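73 is the number that UniProt numbering gives to position 73 of the sequence shown; each next residue is one higher, with no gaps.
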Amino acid sequence: MAMIFAKPSMRTRVSFETGFFLLGGHAIYLGPDDIQMGKREETRDVARVLSRYNDIIMARVFAHQDILDLAKFSTVPVVNGLTDYNHPCQIMADVLTIIEHIGQIEGTKVVYVGDGNNVVHSWLLMAAVIPFHFVCACPKGFEPDKKTVEKAQQAGISKIEITNDPKEAVKGADVVYSDVWASMGQKEEADSRRKIFQGFQVDENLMKIAGPKAYFMHCLPAERGVEVTDGVVEAPNSIVFPQAENRMHAQNAVMLHLLGV
Ligand code: CP
Ligand code: NVA
Numbered sequence: 001m002a003m004i005f006a007k008p009s010m011r012t013r014v015s016f017e018t019g020f021f022l023l024g025g026h027a028i029y030l031g032p033d034d035i036q037m038g039k040r041e042e043t044r045d046v047a048r049v050l051s052r053y054n055d056i057i058m059a060r061v062f063a064h065q066d067i068l069d070l071a072k073f074s075t076v077p078v079v080n081g082l083t084d085y086n087h088p089c090q091i092m093a094d095v096l097t098i099i100e101h102i103g104q105i106e107g108t109k110v111v112y113v114g115d116g117n118n119v120v121h122s123w124l125l126m127a128a129v130i131p132f133h134f135v136c137a138c139p140k141g142f143e144p145d146k147k148t149v150e151k152a153q154q155a156g157i158s159k160i161e162i163t164n165d166p167k168e169a170v171k172g173a174d175v176v177y178s179d180v181w182a183s184m185g186q187k188e189e190a191d192s193r194r195k196i197f198q199g200f201q202v203d204e205n206l207m208k209i210a211g212p213k214a215y216f217m218h219c220l221p222a223e224r225g226v227e228v229t230d231g232v233v234e235a236p237n238s239i240v241f242p243q244a245e246n247r248m249h250a251q252n253a254v255m256l257h258l259l260g261v
């Protein structure tokens with residue numbers, strides 16, 4: 001497997017590399033300075049050359065179009081390891097984690113609090129396939145992509161709500177979910193976002209409003225004291241580490257499926 005990383009990573013890199021090794025494969029890490037996709041060489045050429053050495057390609061890129069181009073020109077399966085638009089492997093691992101802790105995803109209330117980002121888009125796309133209740137509570141102007149919200153709503157599978165009121169949103173939640181306020185590629189906005197996102201920190205008070213059955217989840221890495229308090233990450237109902245582990249199990253299932261074994 002060739003693994004293309006235009007952005008940093010711990011979980012995605014190590015879970016794919018270790019996971020593929022456990023399946024009997026060998027993974028090659030290609031960091032931001034190695035192939036410089038789109039700069040040193042066109043994406044369509046990268047796709048066709050890597051397809052001749054590898055049975056599968058995994059890529060973490062900035063522009064979503066890059067993963068679409070890789071998939072279009074590659075002759076082997078391409079797995080999305082995160083783009084500016086979405087993060088599907090994360091949400092598959094998250095659903096597995098919810099099934100393990102709650103028993104099922106169907107009917108659960110998952111409340112995401114924070115930026116309407118790539119992780120939210122993958123939650124929405126999951127909600128178009130499996131029935132659950134997804135709520136995204138974000139500051140005004142930081143809502144998820146409108147077309148993706150419409151697509152998820154029009155699928156008619158799940159109950160989907162987008163709101164600017166985190167306290168109201170978390171009531172009765174089975175899962176309260178958080179992610180960084182400034183994603184990779186937005187770090188220069190981190191200071192201004194910290195001001196705008198006041199009131200969207202997942203703290204002990206918000207978890208109390210959510211209620212005693214609510215688990216806390218975060219795709220990690222977390223900025224403790226910013227989008228979530230240290231106490232919430234460390235609380236007994238925080239399942240962020242089984243969630244991180246499940247990246248590997250979910251992705252291994254995806255790779256076995258794609259390789260037809
Ligand atoms: N959650 C996640 O994708 O982590 P990394 O950025 O460390 O891969
Ligand atoms: N939204 C975050 C997720 C990191 C796993 C980012 O894109 O940086």
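The beta-carbon is built from N, C-alpha and C at its ideal position, and this holds for glycine as well. Here the structure is a predicted model, which means the values were calculated and not measured.
Delimiting residues of the beta strand (DSSP E) encompassing residue 30: On the sequence shown, residue 30 is found 30 positions in, with the first residue counted as 1. Element bounds for residue 30: 28-30.
Count the other C-beta atoms from every protein chain shown that fall within 10 angstroms of the C-beta of residue 53, then say buried if there are 16 or more, exposed otherwise. Looking up residue 53 in the sequence shown gives position 53. Classification for residue 53: exposed.
DSSP state of residue 163, grouped into three classes? Translated into positions along the sequence shown, residue 163 becomes position 163. The answer is strand: DSSP assigns residue 163 an E or B state.
Run through the segment 134-164 for me and flag every whole alpha helix (DSSP H) of 4 or more residues, listed as ranges in chain order. 146-155
Anyone know if the C-beta pair for residue 108 and residue 137 falls short of 8 Å? Here residue 108 is taken as the residue at index 108 of the sequence shown, counted from 1. Here residue 137 is taken as the residue at index 137 of the sequence shown, counted from 1. Contact: no.
Taking only three categories from DSSP, how would you classify residue 126? As a first step, residue 126 must be located in the sequence shown, where it is residue number 126. Residue 126: helix per DSSP, three-state reduction.
Is residue 92 near the ligand NVA, in the sense that its beta carbon is under 7 Å from a heavy atom of that ligand? In the sequence shown, counting from the first residue as 1, residue 92 sits at position 92. Residue 92: no, Cβ never under 7 Å from the ligand NVA.
How long is the line joining the alpha carbons of residue 150 and residue 125, rounded to whole angstroms? Position 150 of the sequence shown, counting from 1, holds the residue named residue 150. Position 125 of the sequence shown, counting from 1, holds the residue named residue 125. Those two C-alpha atoms are separated by around 10 Å.
Would you mind reading off the limits of the beta strand (DSSP E) that contains residue 252? Residue 252 sits at position 252 when you count from the first residue of the sequence shown. That residue, residue 252, is in no beta strand (DSSP E); its alpha helix (DSSP H) goes 240-259.
Extract the residue ranges of the beta strand (DSSP E) inside the segment 1-82, only unbroken runs of 3 or more that lie entirely within it. 2-5, 28-30, 57-60 and 78-80
Can you tell me where the beta strand (DSSP E) holding residue 217 begins and where it ends? Residue mapping note: residue 217 aligns to position 217 of the sequence shown, counting from 1. Residue 217 -> beta strand (DSSP E) spans 215-218.
Under the DSSP definition of a beta bridge, which residues are partnered with residue 178? The residue given as residue 178 occupies position 178 in the sequence shown. Residue 178 is bridged to 113 and 218.
Bridge partners for residue 202 per DSSP, in chain order? Here the question's residue 202 lines up with position 202 in the sequence shown. According to DSSP, residue 202 bridges with 228.
Looking at the ligand NVA, does it come within less than 7 Å of residue 246, judged from the CB to the closest heavy atom? Taking the first residue of the sequence shown as position 1, residue 246 is located at position 246. Outside the cutoff, so no.
Secondary structure at residue 235, three-state DSSP: helix, strand or coil? Start at 1 with the first residue of the sequence shown, and residue 235 comes out as number 235. Reduced to three states, the DSSP call for residue 235 is coil.
Using only alpha-carbon positions, find the residue among 220, 243 and 194 that is nearest to residue 226. Locating residue 226 in the sequence shown gives position 226, where the first residue counts as 1. For the residues 220, 243 and 194, the minimum Cα distance to residue 226 belongs to 194.
Counting pairs of beta carbons, one from the segment 90-102 and one from the segment 59-69, are three or more of them closer than 8 Å? no
I need the boundaries of the alpha helix (DSSP H) containing residue 92, first residue and last residue. Taking the first residue of the sequence shown as 1, we reach residue 92 at position 92. Looking at the DSSP string, the run of the alpha helix (DSSP H) that includes residue 92 is 88-102.
Thinking just about the alpha-carbon of each residue, which of 1, 7, 205 and 92 is nearest to the one in residue 187? Here residue 187 refers to the residue found at position 187 of the sequence shown. Ranking 1, 7, 205 and 92 by Cα distance to residue 187 puts 7 first.
Within the present structure, is the beta-carbon of residue 118 separated from the nearest heavy atom of the ligand NVA by less than 7 Å? Taking the first residue of the sequence shown as 1, we reach residue 118 at position 118. Answer for residue 118: yes, Cβ within range of the ligand NVA.
Taking the alpha-carbon positions, what's the residue 219 to residue 49 distance? Taking the sequence shown and counting its residues from 1, one reaches residue 219 at position 219. Taking the sequence shown and counting its residues from 1, one reaches residue 49 at position 49. Cα to Cα, the separation comes out at about 32 Å.
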